[in-house]
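Number of protein chains: 2
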Amino acid sequence: MPHIARSPRQLGNIIQRTRKQRGLTQTDLANLAGLRQEMISKIETGHEGTKLSSIYALFAALDLELIIDIRSQRPAKDIEDIF
Amino acid sequence: MPHIARSPRQLGNIIQRTRKQRGLTQTDLANLAGLRQEMISKIETGHEGTKLSSIYALFAALDLELIIDIRSQRPAKDIEDIF
DNA sequence: TCGTTTTATGTTGTTTAGAGCATAAATAGC
DNA sequence: GCTATTTATGCTCTAAACAACATAAAACGA
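Line by line, the protein sequences give chains A and B.
Here the first sequence is numbered in this note's numbering, starting from 177 and rising by one per residue.
Here the second sequence is numbered in this note's numbering, starting from 177 and rising by one per residue.
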């Protein structure tokens with residue numbers, strides 16, 4: 177199921193949730209993505225300055241995909257990722 | 177219609193296309209997003225090092241939304257954003 | 001074609017990401 | 001509770017983002 181990431185904070189939450197679903201620690205994920213554990217920690221807590229390359233590295237490691245859409249009026253269902 | 181951005185390059189293409197649909201120049205968009213025209217140029221051509229904050233600023237200005245999904249087997253239809 | 005607008009490129013200075021390492025804080029298991 | 005694991009914080013250093021300004025290159029319109 178797709179998740180809307182309206183902020184780095186929400187993006188971090190989604191990454192964290194996915195990582196845990198995969199049974200990975202921050203260190204595991206860091207190794208998979210070629211990053212460091214400290215950076216995963218920052219990203220998961222909503223770091224604004226993260227680079228695109230880091231995000232894509234994480235997505236590849238977690239098998240996630242980035243989709244862009246028009247911020248239209250969506251079904252109320254999507255009020256799920258608020259925090 | 178949603179677009180998959182599998183790389184900064186594709187993300188840049190989507191941003192550029194949306195900007196033109198809105199009838200904006202790079203300078204217009206830069207002003208809207210609080211960035212500089214040179215940066216829009218780099219982002220649209222696929223700059224890997226762009227910061228999340230810049231991407232979100234652009235998305236807000238263009239009324240775009242970021243969605244995360246599992247990179248599952250999608251309908252072949254989505255072979256549209258390849259370049 | 002010429003002149004204008006738009007986009008790409010280049011430079012310098014400042015800020016910050018991220019590596020690498022240490023360690024503190026928090027969490028989980030017993 | 002205690003211990004081990006995991007996550008968060010703090011440090012220095014190097015590389016790179018971004019602002020700001022200039023200007024070249026490209027695209028557009030009469």
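A virtual CB, placed ideally from N, CA and C, is assigned to each residue, including glycine.
Model, not experiment: these values are computed from the prediction.
In summary, the residues of the stretch 192–211 of chain B whose CB is separated from some CB of chain A by less than 9 Å are T194, in the order they occur in the chain. By the CB criterion at 8 Å, I191 of chain A and D239 of chain B fall outside the cutoff. Pairing A233 of chain A with A233 of chain B, the inter-Cα distance amounts to about 21 Å. Beta-bridge partners of D245 of chain A (DSSP): B:E241. Counting along the chain, E220 of chain A sits inside the alpha helix (DSSP H) bounded by residues Q213 to E220. For S183 of chain B, the residues of chain A that pass the 8 Å Cβ criterion are Y232, in the order they occur in the chain.
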